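Participant: Position 283 (the sequence shown) corresponds to 283 in full-length UniProt numbering; numbering is contiguous.
Think of the CB as a built atom: it goes at the ideal place given N, C-alpha and C, for glycine as much as any other residue.
Everything numeric in this text was worked out from a predicted model, so none of it was measured.
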Amino acid sequence: MSAESRQGVLVGIDGSPGSEAALRWAYSTAQLEHRPVIALLGWTADGLPRGVYQAAVNADYLGLTKAAEQILHHTIARVPMPDPPIELRQVVVEQDPVDALVHKAKNAAMTVIGTSGSGFAHRVLAGSVAHQLLHQHTGPVVVVRGDDSSGQQPDRRPIVVGVDGSDSSCAAVRWAADQAIAREAPLYLINAYRVYIAPFAPPTEYFVSLHQDAERLLADTVTATLDDDLDLDLHLIAVDDSASRALLLAAQDAQLLVVGTRGHGGFAELVLGSTAHQCVLHAPCPVAVLHAQQP
């Protein structure tokens, strides 16, 4: 099957170290899933990535076009191709980088972006751009922070997913399970509930009940979303903590953190709201954000 007929891993490139980290992660994932990688750099005369502007010899259309192509090629050259190699497509378009990314992502298995740099990867984390990418695009978006590398080959660190029983968290569980199987990694399902101690605290049985409810929710989610015969090293974890803190702590030793876009309770308004925003900005590992409806 050709690269054109398979859904690829789309990577946004702007010449920054963040986009190099995103490309490195995309290579690894594409190799595991036998997919092509599409490296995309979008540019406009009024919104150039800094590297394109600096590389342009002449500030005319031809000079800017060549500079954009040069930035893409140089970024790719700095990231070693895995062995065995994967199929790679290089795309440079004269279009707003985020608009180009959203458009191309419609036919991608997932979209991968970095968090550093002055180009679109930085803008993806800002209000209007994040709204376009995470609210309008229904496919998985993976945000790679820094140069995430465990030094392990293969990486056996766990994959962590937030669970609250919502449709989007169920989609996150299914996607995370596929990733865990492909990577032969443990899968940690985490439900966070928050116990607030008041001056007149409820009896101990109340706290026990909350913990049991969380464990029951995790078990029900597994039953509803995952097949019994999946070869998974599965761990169900109920923890008394805020959702963002519980996930960020679990992510310290994880290779990937997965969250849904909208949830209940502590996971409400995840799209650049409290929990997802904190995870995307502060998790030490890549963060995948998923919608309830998958194409």
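Taking the beta carbon of residue 106 as the centre, do at least 16 other beta carbons fall within 10 Å, making it buried, or is it exposed?
Facilitator: exposed
Participant: Have a look at residue 100 and residue 243 and give me their C-alpha separation to the nearest angstrom.
Facilitator: 33 angstroms
Participant: Is the beta carbon of residue 144 sitting closer than 9 angstroms to the one on residue 21?
Facilitator: yes
Participant: Just to confirm the assignment: which complete alpha helix (DSSP H) runs, minimum length 4, are found wholly within the UniProt domain "UspA" (157-290)?
Facilitator: 167-183, 204-225, 243-251, 274-282
Participant: Could you give the distance in angstroms between the alpha-carbon of residue 223 and the alpha-carbon of residue 87?
Facilitator: Going by the C-alpha atoms only, they are around 37 angstroms apart.
Participant: I'd like to check one pair, residue 27 with residue 79: are the Cβ atoms closer than 9 angstroms?
Facilitator: yes
Participant: When burial is assigned at 16 or more other CB atoms within 10 Å of the CB, is residue 179 buried or exposed?
Facilitator: buried
Participant: With 16 as the cutoff for other CB atoms within 10 Å, does residue 2 come out buried or exposed?
Facilitator: Residue placement at residue 2 is flagged as unreliable, the pLDDT there being 42, under the threshold of 50; a coordinate-derived value is accordingly withheld.
Participant: With a Cβ-Cβ cutoff of 9 angstroms, do residue 137 and residue 34 count as a contact?
Facilitator: no
Participant: Is DSSP giving residue 94 helix, strand or coil here?
Facilitator: strand
Participant: By how many angstroms is the C-alpha of residue 234 removed from the C-alpha of residue 156?
Facilitator: Rounded to whole angstroms, residue 156 to residue 234 spans 13 angstroms at the Cα level.
Participant: According to DSSP, residue 108 sits in a beta bridge with which residue or residues?
Facilitator: 8
Participant: So, helix, strand or coil for residue 71, using DSSP?
Facilitator: helix
Participant: At the level of alpha carbons, what is the spacing between residue 254 and residue 29?
Facilitator: Each residue's alpha carbon lies about 15 angstroms from the other.
Participant: Can you give the Cα-Cα distance for residue 94 and residue 65, rounded to whole angstroms?
Facilitator: Cα to Cα, residue 94 sits roughly 8 angstroms from residue 65.
Participant: Using DSSP bridges, identify the partner residues of residue 38.
Facilitator: 10, 89
Participant: With DSSP run on the structure shown, which of helix, strand or coil describes residue 114?
Facilitator: Residue 114 falls in the strand class under three-state DSSP.
Participant: Could you please give the first and the last residue of the uninterrupted beta strand (DSSP E) stretch that includes residue 143?
Facilitator: 141-144
Participant: So, at 6 angstroms on beta carbons, what are the nonlocal neighbours of residue 170 in its own chain, with the 5 sequence-adjacent residues on each side left out?
Facilitator: 225
Participant: With distances taken Cα to Cα, identify the nearest neighbour of residue 307 among 75, 246, 37, 83.
Facilitator: No information on residue 307 is available, as it lies outside the stretch 1 to 295 that the chain covers here.
Participant: Ignore the nearest five residues each way along the sequence and tell me which others in residue 25's own chain have a CB closer than 8 angstroms to its CB.
Facilitator: Beyond the five residues adjoining it in sequence on each side, residue 25 comes within less than 8 angstroms, by CB distance, of 112, 142, 144, 148, 286 in the same chain, given in chain order.
Participant: Assuming residue 110 contacts residue 9 (C-beta within less than 8 angstroms), just tell me the rounded distance between them.
Facilitator: 6 angstroms
Participant: Cutting at 6 angstroms between CB atoms, please list the residues of its own chain near residue 13, excluding the five before and the five after it.
Facilitator: 19, 39, 41, 72, 75
Participant: From which residue to which residue does the alpha helix (DSSP H) around residue 16 run?
Facilitator: First-last for residue 16: undefined, no H or E at that position.
Participant: Do you know offhand how far residue 209's Cα is from residue 182's?
Facilitator: 36 angstroms
Participant: Does the distance from the C-beta atom of residue 192 to that of residue 259 stay below 9 angstroms?
Facilitator: Against a cut-off of 9 angstroms, the Cβ pair of residue 259 and residue 192 comes out as no contact.
Participant: Do you know offhand how far residue 275's Cα is from residue 61's?
Facilitator: 42 angstroms
Participant: Assuming residue 283 contacts residue 257 (C-beta within less than 8 angstroms), just tell me the rounded distance between them.
Facilitator: 5 angstroms
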